[in-house]
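Below is one structure, written out as structure tokens; comments come after it.
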Amino acid sequence: MPSMPHTTGALHFSTRGEYGVRLMVELTRHHGTGPVSLAEMADHESLPRPYLEQLVSSLREAGLVRSTRGARGGYELARDPSAIRMSEVIVALEGPITPMICASDGPEADAAHGGCDRVSFCHVQGLWIRVREAVVQALDSMTLLDLAQPASAHPHHPVLIHPSTLTLDRPTRTEPVPNA
């Protein structure tokens, strides 16, 4: 049986989505410790810094990250990672989640707005709407905090860095989060 290319499938997210999610997870790992530079995030996640500059712009416009200028500047989450749903992140990076134009939840599904002229009588549209709803539900069910749990093999973050795990007598040590 021939091997399938890595990017096959009906629903595909671009590198904007992939790299942007990795950037947001990196910010989650530093949540509450102050801004993180793009250079540090690029290094920790092996991502191209110029591309991250484009991504943080979209994430900032969506109200998911904020920036601080200056010598100790950088980027940080605009809200607690437990309150940021992955659907928000993906929509900010990729745009509306729509496997087919006719499954859009906006007016663009209508032929008058450049969509399909079969919408009024199509039997297949229901499938694409169900696919969209399932993907949105899956993304809504996960938060950034869910994704940022420690992976012992990560070269830069073997444990989650979160202020709630820090103590005054041990300011740089974090306690590992047990695997769920």
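The numbering of the sequence shown is this note's numbering, which starts it at 20 and goes up by one.
Cβ atoms here follow ideal geometry from the backbone N, Cα and C, with glycine treated the same way.
| Query | Result |
| --- | --- |
| Tell me the DSSP bridge mates of Ser86? | Tyr94 |
| Can you find the residues in the same chain that come closer than 7 Å, C-beta to C-beta, to Leu70, ignoring five residues on each side of it along the sequence? | A quick correction: the sequence has Tyr, not Leu, at residue 70. Correct list, in chain order: Tyr38. |
| Whole angstroms is fine: what's the gap from His50's alpha carbon to Leu42's? | 12 Å |
| Here's the rule: buried if 16 or more other CB atoms are within 10 angstroms of the residue's CB, otherwise exposed. What is Cys121? | buried |
| Would you tell me roughly how many angstroms separate the C-alpha atoms of Glu64 and Leu46, rounded to the nearest one? | 11 Å |
| Short of 7 Å in beta carbon distance, which residues of its chain neighbour Val110, apart from the five on each side in sequence? Order them along the chain. | Ile116 |
| Output the distance between the C-alpha atoms of Arg35 and Arg91, rounded to the nearest integer angstrom. | 26 Å |
| Suppose only complete runs of 4+ residues qualify. What are the alpha helix (DSSP H) ranges in the segment 45 to 84, listed by chain order? | 57 to 64 and 68 to 80 |
| Have a look at Ser123 and Arg151 and give me their C-alpha separation to the nearest angstrom. | 8 Å |
| Whole angstroms is fine: what's the gap from Arg98's alpha carbon to Val84's? | 8 Å |
| In this structure, does DSSP put Thr34 in helix, strand or coil? | helix |
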